[in-house]
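Chemist: Sequential numbering of the sequence shown, starting at 652, is according to my numbering. A virtual CB, placed ideally from N, CA and C, is assigned to each residue, including glycine. All values derive from a computational prediction rather than experimental measurement. Here it is, the structure in full.
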Amino acid sequence: MPDTSSPVAAGRRRWITVITVSVALFMVTLDNLIVIVGLPSIRESLGASLESLEWTVNAYTLAFAVALIPAAALGDRFGRRRLFLVGLLLFTASSAAAALATTAGALIVARMAQGIGGAIIAPLTLTLLAAGVPRERRGLAIGIWSAISGIGVALGPLVGGAVIEAASWQWIFWINVPVGLVLLPVAGFLLRESFGPQGRLDIVGFGLVALGLSGVVFGLVRANAAGWSSPEIIGTLGGGAVVLALFVWWEHRAATPMVPLNLFASRGFAVTNLAGLFMMFGTFGSIFLLTQLLQGLFGYGPLEAGLRMLVWTGATLLVAPLAGPMAERFGPRPFMAAGLALQATALYWIAAVSEVGMAWTPLIPPFALAGAGMALSFAPSASAVLASVRPERAGQASGVNNAVREVGGVFGIAVLGTIFAHNGGFSSPQALLDGTAPAVVAGASVTAAGALIALLHPRKAARLRGAARPGAAPDPAASGQSTPEPAPVGT
652 MPDTSSPVAA GRRRWITVIT VSVALFMVTL DNLIVIVGLP SIRESLGASL
702 ESLEWTVNAY TLAFAVALIP AAALGDRFGR RRLFLVGLLL FTASSAAAAL
752 ATTAGALIVA RMAQGIGGAI IAPLTLTLLA AGVPRERRGL AIGIWSAISG
802 IGVALGPLVG GAVIEAASWQ WIFWINVPVG LVLLPVAGFL LRESFGPQGR
852 LDIVGFGLVA LGLSGVVFGL VRANAAGWSS PEIIGTLGGG AVVLALFVWW
902 EHRAATPMVP LNLFASRGFA VTNLAGLFMM FGTFGSIFLL TQLLQGLFGY
952 GPLEAGLRML VWTGATLLVA PLAGPMAERF GPRPFMAAGL ALQATALYWI
1002 AAVSEVGMAW TPLIPPFALA GAGMALSFAP SASAVLASVR PERAGQASGV
1052 NNAVREVGGV FGIAVLGTIF AHNGGFSSPQ ALLDGTAPAV VAGASVTAAG
1102 ALIALLHPRK AARLRGAARP GAAPDPAASG QSTPEPAPVG T
C-alpha cells in the first residue's frame, strides 16, 4: 500500500480511485449498446436466429437486473473491494469467452456471465468512490464518474461499429480484456476496502425473481417459434407468472426482503418506477430493432449505423445535464411526462416515414427528438426516486429503480421481437421493414402509456422529513446500498 500520510500521496490515491471506478463503469455501460450495433454481423457469422439475437441482449440485461440488488448486499458483507475484484474478473473472463464463442448458445452463456459481472461492478463503483474520496471533494468525483458513464452510453454504437469494421464483431468483446487486466491489480492494491450493514441475504427472494423472470422472458422469446398455444409456452409463461407471484408473497413476509415492497407505498416512488418500466420497454425494445433497420434498410455498415445512432445518444447526453436541475426546481412530473411523450412521438414518426428506398435524412429529427425525450424522462426520475424516500432507504430505492428499468428493457426486446417475427423477417429490406414498423408502433404506444402514468406523479416531489434532497447524492459509504443510475438505455 502506498503511503497516504502526506497530502500529495492522499491526493494521488484519491484520483487513482476516481479513475479506476470510472473506467470500470465506462466498460460496463459501453457494453450496453456496443453489442446492439453488431447484431447483424453476429447473425451472419454464427447463423443466429432472431430468438438467439434477442437472448444475446436479454441474457446480459436480465442477469444484470436480477443480480444488481444482491450484489450491493454481498459487497457490504464480504468487502466492497473484494467483490469488485470478483466482478472485474468475471466480466473480463466472460468477455474473452464471448469473443471466442463459435455458436450462438456459447455467446448467450458468456453474455449472461458478463451481465452478472457488470451487476457486481456497477453498484460498487459508487460506494468505493465514496469510501476513497473525502466528503468535501466527493461532488467533483461523482460528477466525473457520472459523466464518464454517460459518455460510455453515447459512444457505444460508434465504438462498436468502428471496431467491427476495423476487425470483426469478436473485438467488441476483446477490447474489454486488456482494460480488465489493467484494472484488476490497480484495484487490488490501491482501492480502500470498506464494509456496510451486514443483514441477512434474501436468498429465497433472489431465486424466485430470477426463476420467474427467466420463465416469462423465455416464453415471450420462444412464442413465435413454438406457438403461443403450445404446452411449452403456456407452461413457461404460466409457471413464470406463478413464481413471480410467489416472489411478491415472500417479499411481504421476509425479514430482510431483497425488494422492500413498502417502498411502493409512496405514490411518487411507484409512479416513477412504473413510468421507467414503460419507457425502457418501448425505447430499448425499439432500439434493438432500429439499429438493425439502419443496416438492413439503408445498406450501412456497422460504423455508419453507429455514427447515425449518435444523433439519438448524443441528444440524450446534451439534454440530461439541463433536465436534472430544472426538474429539481419545478418538480419531476412535467419533465417525465413530456420526455415520454416526446419519445412516443419520435417512435411513431420513425415508423410512419420509414420506407424502402428512402434517404436517411428524414430520420434525423425523430432520432434527435427521441434522445432529448429520453433525457427529459430519465434525469428527473433519479431526483424523484430520492425525494420519495428517507435518506437511509435511498440506496434500496435506487437499486430497485435501476432493476425495474432493466427488466423493462428485457420485456421490451422480448415482446417487440415477437411482433417483428410475426410480421416480417431478415430475408429482404421490405421484410425487415414489415416487421420493424409495427413493433416500433407498439413500443411507441407503451411509451405513450408511460407518459400518462407519469402524470399521476405528485405535482411536487414529496419532501419527507429528512428526505434526501434530490440534488444531493446520499452518502453511499454510510448506507452501503447506493447503486448508480445506469445509462438510460440498456443496460
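#1: What does the alpha-carbon distance come out to for the pair residue 881 and residue 935?
#2: Should residue 669 and residue 835 be called a contact, given that it needs their Cβ atoms to be closer than 9 Å?
#3: Return the CA-CA distance between residue 1075 and residue 876, expressed in angstroms with no decimal places.
#4: Should residue 917 go down as buried or exposed, given a rule of 16 or more other Cβ atoms within 10 Å for buried?
#5: Would you be able to state if there are at least three C-beta pairs under 8 Å between the segment 710-725 and the segment 802-809?
#6: If you compare alpha carbons, which of 680, 855, 839 is closest to residue 732?
#7: With H, G and I counted as helix, E and B as strand and the rest as coil, what does DSSP make of residue 931?
#8: Pull up the distance between the alpha-carbon of residue 902 and that of residue 823, whole angstroms please.
#9: In this structure, does DSSP put residue 919 in helix, strand or coil?
#10: Can you grab the Cα-Cα spacing for the pair residue 990 / residue 657, in whole Å?
#11: Looking at the structure shown, is residue 686 part of a helix, part of a strand, or coil, going by DSSP?
#12: Using 10 angstroms around the beta-carbon of residue 984, count the other beta-carbons present and answer buried if the total reaches 16, otherwise exposed.
#13: Taking residue 760 as part of the alpha helix (DSSP H), name the residues at either end of that continuous run.
#14: Give a yes or no on contact between the segment 812-819 and the segment 964-981, applying the rule of three or more CB pairs nearer than 8 Å.
#15: Taking Cβ positions, are residue 1020 and residue 966 nearer each other than 9 Å?
#16: Within 10 Å of its beta-carbon, does residue 904 have 16 or more other beta-carbons around it, so buried, or fewer, so exposed?
#17: Is the number of C-beta pairs between the segment 863-870 and the segment 1060-1080 that are closer than 8 Å three or more?
#18: Taking only the alpha-carbon atoms, compute the straight-line gap between residue 691 and residue 848 and give it to the nearest angstrom.
#19: Can the beta-carbon of residue 864 be found less than 9 Å from the beta-carbon of residue 895?
#20: Do you know offhand how far residue 1001's Cα is from residue 1085's?
#21: I'd like the ranges of any alpha helix (DSSP H) spanning at least 4 consecutive residues and lying wholly in the segment 676-737.
#22: Beta-carbon within less than 8 Å of residue 859's beta-carbon, same chain only, minus the 5 sequence neighbours each way: which residues are those?
Modeler: Walking through what the data contain:
#1: Within the sequence shown, the letter at position 230 stands for residue 881. Within the sequence shown, the letter at position 284 stands for residue 935. Cα to Cα, the separation comes out at about 28 Å.
#2: Working through the sequence shown from its first residue, we reach residue 669 at position 18. Working through the sequence shown from its first residue, we reach residue 835 at position 184. Not a contact, by the Cβ cut-off of 9 Å.
#3: What you label residue 1075 is simply residue 424 of the sequence shown in a count that begins at 1. What you label residue 876 is simply residue 225 of the sequence shown in a count that begins at 1. C-alpha separation (whole angstroms): 13 Å.
#4: Against the sequence shown, residue 917 aligns to sequence position 266. Buried, by the Cβ-count rule.
#5: Touching, no, given that fewer than three Cβ pairs across the two stretches are closer than 8 Å.
#6: Translated into positions along the sequence shown, residue 732 becomes position 81. Relative to the Cα of residue 732, the nearest Cα in the group 680, 855, 839 belongs to 839.
#7: Along the sequence shown, one-based indexing puts residue 931 at 280. Residue 931 carries a helical assignment under DSSP once its states are collapsed to helix, strand and coil.
#8: Numbered from 1 along the sequence shown, position 251 holds the residue referred to as residue 902. Numbered from 1 along the sequence shown, position 172 holds the residue referred to as residue 823. Spanning the two alpha carbons is a distance of roughly 39 Å.
#9: Translated into the one-based positions of the sequence shown, residue 919 becomes position 268. Helix at residue 919.
#10: Counting from one through the sequence shown, the residue named residue 990 turns up at place 339. Counting from one through the sequence shown, the residue named residue 657 turns up at place 6. Taking the straight line from one Cα to the other gives about 48 Å.
#11: What you label residue 686 is simply residue 35 of the sequence shown in a count that begins at 1. The three-state reading of DSSP puts residue 686 in coil, since its state is none of H, G, I, E or B.
#12: Here residue 984 corresponds to residue number 333 of the sequence shown, with the count starting at 1. By the C-beta density criterion, residue 984 is buried, having at least 16 other C-beta atoms within 10 angstroms.
#13: As a working note, residue 760 is residue 109 in the sequence shown. That run of the alpha helix (DSSP H) goes 755-783.
#14: Because the criterion of three Cβ pairs below 8 Å is not met, the segment 812-819 and the segment 964-981 do not touch.
#15: Residue numbering aside, residue 1020 sits at position 369 when the sequence shown is read from its first letter. Residue numbering aside, residue 966 sits at position 315 when the sequence shown is read from its first letter. In this structure, residue 1020 sits near residue 966, with a CB-CB distance shorter than 9 Å.
#16: Within the sequence shown, the letter at position 253 stands for residue 904. Exposed, because fewer than 16 other Cβ atoms sit within 10 Å of the Cβ of residue 904.
#17: Yes, since at least three Cβ pairs between the segment 863-870 and the segment 1060-1080 fall closer than 8 Å, the two stretches touch.
#18: If you number the sequence shown from 1, residue 691 lands on position 40. If you number the sequence shown from 1, residue 848 lands on position 197. Answer to the nearest angstrom: the Cα atoms are 45 Å apart.
#19: As a first step, residue 864 must be located in the sequence shown, where it is residue number 213. As a first step, residue 895 must be located in the sequence shown, where it is residue number 244. Taking 9 Å as the cut-off, the beta carbon of residue 864 is found closer than this to the beta carbon of residue 895.
#20: Here the question's residue 1001 lines up with position 350 in the sequence shown. Here the question's residue 1085 lines up with position 434 in the sequence shown. Cα-Cα distance, rounded: 13 Å.
#21: Correct list: 690-697, 701-729.
#22: To locate residue 859, count along the sequence shown from 1; it is residue 208. Here the set comprises 894, 895, 897, 898, 901.
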